[in-house]
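Have a look at the structure below before the remarks.
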Amino acid sequence: EMMLPFAVTIDGTPIFPEDFSEPEWQSLKESYRVGEFRTPCCATPAIPKTSINQVRFFAHHSDECVTSPESVWHVSTKDRIVRELRIQGVHALIEKPVSGDAGRLKSDVFFEVGQRKISIEVQHSYQTFREYIKRQEKYSGYGIENYWLLYPSRYSTTLKSLARFKLQKD
Numbered sequence: 017e018m019m020l021p022f023a024v025t026i027d028g029t030p031i032f033p034e035d036f037s038e039p040e041w042q043s044l045k046e047s048y049r050v051g052e053f054r055t056p057c058c059a060t061p062a063i064p065k066t067s068i069n070q071v072r073f074f075a076h077h078s079d080e081c082v083t084s085p086e087s088v089w090h091v092s093t094k095d096r097i098v099r100e101l102r103i104q105g106v107h108a109l110i111e112k113p114v115s116g117d118a119g120r121l122k123s124d125v126f127f128e129v130g131q132r133k134i135s136i137e138v139q140h141s142y143q144t145f146r147e148y149i150k151r152q153e154k155y156s157g158y159g160i161e162n163y164w165l166l167y168p169s170r171y172s173t174t175l176k177s178l179a180r181f182k183l184q185k186d
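Counting in my numbering, the sequence shown runs from 17 upward without gaps.
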């Protein structure tokens, strides 16, 4: 059973077990409804639990993640981003959907600072350079600044593609 450090509400707000007092956590465990919380990895229902060692966490309702093992890195990276933003007093949303004239997309982490709308995409799996450009243009079409955090092996291949792209363009 994968112990998830947080879950996500229907609107994309991260929920952290440590934000609850012990009585509040017990009450949440007794009163939650399936579907009220989602897993940050595969968006399936999450349930609040307490381990035998009294560690609070969320788990997959079905006890199984429907995404690949890369999701552990993906989830922990989103968790670290959201927690750091919280320390800075910034409210972030996970898997925030955006749709309109520029097309549909979903930000791994989305937040606003002043007038700036900012998205962070956490990319572990392979994606063509053309797909990065396409997704980046969609974000620009919505006036959203988008930043990519890449798994180390993705970074080197993407950097090479970017260099070739710049050489061809210039």
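Beta carbons are placed, not taken as given, at the ideal position from N, Cα and C, and that holds for glycine. The structure displayed is predicted, hence computed values, not measured ones.
Spell out the partners DSSP gives H77 in its beta bridges. Here residue 77 corresponds to residue number 61 of the sequence shown, with the count starting at 1. DSSP output for H77 lists no bridge partner at all.
DSSP three-state label for R132, please. Your numbering for residue 132 matches position 116 in the sequence shown. Looking at R132 - three-state DSSP - the assignment turns out to be strand.
Please name the residue in D117, P30, K65 whose C-alpha comes closest to that of E100. Sequence index remark: in the sequence shown, residue 100 carries index 84 (1-based). Considering only alpha carbons, the answer is P30.
Could you name the residues of the same chain whose beta carbon sits closer than 8 Å to that of L165, not counting the 5 residues immediately before and after it, in chain order? Here residue 165 corresponds to residue number 149 of the sequence shown, with the count starting at 1. The answer, listed in chain order, is T93, I97, I136, E137, V138, Q139.
Which word fits A179, buried or exposed, when buried means at least 16 other C-beta atoms lie within 10 angstroms of its C-beta? As a working mapping, residue 179 is identified with position 163 in the sequence shown. The Cβ neighbour count for A179, taken over all protein chains shown within 10 Å, is under 16; the residue is labelled exposed.
In the DSSP output, which residue or residues are listed as bridge partners for I110? Indexing the sequence shown from 1 puts residue 110 at position 94. Its beta-bridge partners are V125.
Quick one: grab the DSSP three-state call for R120. Along the sequence shown, read from residue 1 onward, the residue named residue 120 stands at position 104. Three-state result, R120: coil.
For V61, list the residues DSSP reports as bridge partners. Residue 61 sits at position 45 when you count from the first residue of the sequence shown. Note that residue 61 is Pro in the sequence shown, not Val. BP columns for P61 point to R54.
Grouping DSSP H, G and I as helix and E and B as strand, with all else coil, what is R170? As a working mapping, residue 170 is identified with position 154 in the sequence shown. In the structure shown, R170 sits in a helix (DSSP, three-state: H, G or I).
Could you tell me which residues DSSP pairs with A23 in its beta bridges? Here residue 23 corresponds to residue number 7 of the sequence shown, with the count starting at 1. Paired residue(s): I31.
Have a look at R132 and V24 and give me their C-alpha separation to the nearest angstrom. Residue 132 sits at position 116 when you count from the first residue of the sequence shown. Residue 24 sits at position 8 when you count from the first residue of the sequence shown. Answer to the nearest angstrom: the Cα atoms are 23 Å apart.
Do the stretch 103-116 and the stretch 72-81 meet, that is, are 3 or more Cβ pairs less than 8 Å apart? Under the three-pair Cβ rule at 8 Å, the stretch 103-116 does not count as touching the stretch 72-81.
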